[in-house]
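Structure record follows, encoded as structure tokens.
Number of protein chains: 2
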Amino acid sequence: MRNPWGQGERLRLEILEAAARLLSELGGEQGLTIRGVARAAGIAPASIYQHFADKSALVKGLIDYDYEQLSAAMSAAEEQCPEDAPLDRVRAQMKAYCQFALDSPGHYRLMINNRPVSRTGPLIGIVRQMIEGFERCERAGVRLRIPPQRAAVMVFVGTHGRVALWHASEDPTHAHAILDFVDELVSLVTE
Amino acid sequence: MRNPWGQGERLRLEILEAAARLLSELGGEQGLTIRGVARAAGIAPASIYQHFADKSALVKGLIDYDYEQLSAAMSAAEEQCPEDAPLDRVRAQMKAYCQFALDSPGHYRLMINNRPVSRTGPLIGIVRQMIEGFERCERAGVRLRIPPQRAAVMVFVGTHGRVALWHASEDPTHAHAILDFVDELVSLVTE
DNA sequence: CAAGTCAGTGAACGATCGTTTGGTGACTGG
DNA sequence: CCAGTCACCAAACGATCGTTCACTGACTTG
């Protein structure tokens, strides 16, 4: 008997990567089909079902895959900032969030719209990360106009709104405008 | 020859209203089909094509219909506020915007996602309305922390972000939380 | 009354989708 | 070598979709 975790798991990942590639090309979940993913992965549609129970399982796997990428990007951006500049760390985190949304609009929309924003979902984890960031700011002496929880929600929600409208735009302004918006949001919640 | 603008235009409206009803029930454009609209309107699917060239024309008509409703609701809310309280007028406008998005999530998402946010689109008109509101505030002596254009964009974008996340939530908090968020946004851009 | 116009319809076409099935070929342990 | 296991696939099924077409019946016009 062959080891089911050797080739098996590797192909599962290859399918997810093919799905991610396809979603990036499509720019939306319209057209993200079993047949399309199979074509992108170079296998037969029926083979998908060897690794995923059904389409919703594949989409769920893809979303988990994407959240890992986003979370890693945000952590990396944070750790690239000096420890003694907590506000810069918050800004860097949020800008990494934006960069992901700008680079992969299809993925971003899929994550937001196809995964209920529950109190235990991955999005809430990101917000909590932001809250901790603002709490560190306050402890470091940064004056906030509102409590750190509210500041984090405000910056996060505002950023999401800006990114969502950018996605809906037919004439996307340059990315730096979205990143500047993050700075503007942060400066609004600080004194 | 019968007058083509008698029964004809009336049935066009009935189809649009049936489509609006269906979209409200569905909660999303998934399932908003020619066949479904025809069933909701009590006619045959083929009859739709007597009034709309194709499905995209019907959707476009529905979106226009929705923007009229939203714009009217915002204007009505504004005019219900006293003339000498410009900040309250801005708040009332934005809350009417929220109320529409909360009452008709399917319509709201359709409007945002299926109509490119161009410099001449209906959404920009709403933003412009907000800008004028904040300019009136400034002339009336209200102190803003940022220029009125930026304040309007900030409040509008933040509100959209909050509403969009509410739509994605599986456990929708009560509507007043979203309306409070508008107040919080306004208080952030004022001194 | 006859001719013409037009909204409305039932039935079908072609495409696309998720999913299932039965079989094939490569590889395994004994 | 042989029986067993498993990944993989071609083909098909059933459903749903947008759209087209030939036809009908009611109405208007002359």
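These protein sequence lines map, in sequence, to chains P and Z. Taking UniProt numbering, the leading residue of the first sequence gets 1, the next gets one more, and so forth. Taking UniProt numbering, the leading residue of the second sequence gets 1, the next gets one more, and so forth. By construction, the Cβ of each residue, glycine as well, lies at the ideal position given by its N, Cα and C atoms.
Hey, could you find the ends of the alpha helix (DSSP H) residue i is sitting in?
i	result
Z:Q149	148 to 168
P:G106	105 to 113
P:C137	122 to 139
Z:G36	34 to 41
Z:P45	45 to 48
Z:S187	175 to 189
P:V59	55 to 79
Measure the Cβ-Cβ separation of residue i and residue j and say whether it is below 7 Å.
i	j	result
P:H51	P:R21	no
Z:F100	Z:A76	no
Z:R39	Z:P86	no
Z:K95	Z:V182	yes
P:L185	P:V142	no
Z:P148	Z:I131	yes
Z:L102	Z:E29	no
P:E78	P:A92	yes
P:G161	Z:G161	yes
Z:R115	Z:I63	yes
Z:G158	P:G158	yes
What is the C-beta distance between residue i and residue j, in whole angstroms, given that I count them as a contact (C-beta under 8 Å)?
i	j	result
P:L23	P:G106	4 Å
Z:A41	Z:A18	4 Å
residue 217 of chain Z	P:A177	Here chain Z covers residues 1 to 191 and nothing more, so residue 217 of chain Z does not appear.
Using CA atoms only, rank isn't needed, just tell me which of the options is closest to residue i.
i	options	result
P:L58	P:R39, P:I34, P:Y67	P:I34
P:R139	P:I112, P:D84, P:E78, P:G31	P:D84
P:D66	P:T173, P:S104, P:A46, P:E170	P:S104
P:R10	P:I48, P:Y97, P:S187, P:T173	P:I48
Z:V153	Z:L165, Z:W166, Z:R128	Z:R128
P:I146	P:S187, P:I43, P:E25, P:W166	P:S187
Z:C98	Z:W166, Z:G31, Z:E25, Z:D171	Z:W166
Z:S43	Z:E14, Z:Q69, Z:E68, Z:L32	The residue asked about is misnamed: residue 43 of chain Z is Ile in this sequence, not Ser. Nearest option by C-alpha distance: Z:E14.
Please work out which residues of its chain come closer than 7 Å, Cβ to Cβ, to residue i, disregarding the five sequence neighbours upstream and downstream, and give them in chain order.
i	result
Z:A151	F134, L144, V189
P:G36	L22
P:G61	L16, F52
Z:R89	E78, C81, G133
Z:A175	L102
P:E25	none
P:D171	none
For residue i, which residues from the same chain have a beta carbon less than 8 Å from its beta carbon, with the 5 sequence-adjacent residues on both sides left out?
i	result
P:N3	With a pLDDT of 47 at P:N3, under the threshold of 50, the modelled position of that residue is not reliable, and the figure given next carries that caveat. No residues qualify anywhere along the chain.
P:D180	none
residue 193 of chain P	Within the shown structure, residues of chain P are numbered from 1 to 191, placing residue 193 of chain P beyond reach of any answer.
P:E191	R143, L144, R145
Return the chain-ordered list of same chain residues with a C-beta closer than 6 Å to the C-beta of residue i, the five sequence neighbours on each side being excluded.
i	result
Z:V117	L123
Z:M1	Low confidence applies to Z:M1: its pLDDT is 46, below 50, so where it sits in the model is not reliable enough to give any reading.
P:K55	I34
Z:T173	none
Z:P45	I34, R35, A38
Z:Y108	A101
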